[in-house]
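In our numbering, the protein residues as written are 52 to 146. I have placed the structure first, in the form of structure tokens, so that the comments after it can refer back to it.
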Amino acid sequence: MFKKFAFWFVIASLVICINDYVGNDDKHLLFFSGGIEPIMFKAIYTESFRSLIFDEVTRRILPLGYVLHITLAFLYGFLLDLLIYLFRKANASLK
Numbered sequence: 052m053f054k055k056f057a058f059w060f061v062i063a064s065l066v067i068c069i070n071d072y073v074g075n076d077d078k079h080l081l082f083f084s085g086g087i088e089p090i091m092f093k094a095i096y097t098e099s100f101r102s103l104i105f106d107e108v109t110r111r112i113l114p115l116g117y118v119l120h121i122t123l124a125f126l127y128g129f130l131l132d133l134l135i136y137l138f139r140k141a142n143a144s145l146k
């Protein structure tokens, strides 16, 4: 479990979400970082989706935004773990 990217990506996402929730990141820079989280970065600029994850009046992230951030982190980690598994399986079959 500790060797899986899915586990560590979820842990990193939880730390980012907790940091944002307690107010240490008032500009939400970590939460919407384009290099780390490309789907959320693009979604924040889509008007209909922005209102689901960000309250523009209070400038706070809504609970659905945190859930999506953690879910996407798990999916990124799972896909990376799957690619590593397939790569190792292909290398093992070549030997």
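Glycine included, each C-beta is placed from N, C-alpha and C at the ideal position. Small disclaimer: the values here were computed from a predicted structure and weren't measured.
* Quick one: what does DSSP say I87 is sitting in, helix, strand or coil? -> The sequence position of residue 87 within the sequence shown is 36, counting from 1. Residue state, collapsed to three classes: coil.
* Asked: Hey, M91 and L119 are a contact pair by Cβ (cut 8 Å); roughly how many whole angstroms apart?
  -> By 1-based counting over the sequence shown, the position of residue 91 is 40. By 1-based counting over the sequence shown, the position of residue 119 is 68. That belief holds up - the Cβ atoms of M91 and L119 are roughly 7 Å apart, short of 8 Å.
* To do: Evaluate the contact criterion for the region 57 to 71 versus the region 108 to 127: three or more CB pairs, one atom per stretch, below 8 Å.
  => yes
* With distances taken between CB atoms, is the gap from A94 to I104 smaller than 9 Å? -> Taking the first residue of the sequence shown as 1, we reach residue 94 at position 43. Taking the first residue of the sequence shown as 1, we reach residue 104 at position 53. Result yes, Cβ atoms of A94 and I104 sit closer than 9 Å.
* **Same chain, Cβ closer than 7 Å to N70, neighbours up to 5 away in sequence not counted** => Within the sequence shown, the letter at position 19 stands for residue 70. Taken in chain order, the residues that qualify are D76, L81.
* For Y136 versus Y72, is the C-beta spacing smaller than 9 Å? -> Counted from its first residue, the sequence shown places residue 136 at position 85. Counted from its first residue, the sequence shown places residue 72 at position 21. No, they are not a contact pair.
* **D76 (DSSP reduced to helix, strand or coil)** => One-based indexing of the sequence shown puts residue 76 at position 25. Three-state result, D76: coil.
* Return the CA-CA distance between E98 and A141, expressed in angstroms with no decimal places. => Start at 1 with the first residue of the sequence shown, and residue 98 comes out as number 47. Start at 1 with the first residue of the sequence shown, and residue 141 comes out as number 90. E98 and A141: Cα-Cα distance of roughly 43 Å.
* For the putative contact between L115 and D106, defined by C-beta atoms under 8 Å, what is the C-beta separation to the nearest angstrom? -> Here residue 115 is taken as the residue at index 64 of the sequence shown, counted from 1. Here residue 106 is taken as the residue at index 55 of the sequence shown, counted from 1. Not really, about 11 Å apart at Cβ, beyond 8 Å.
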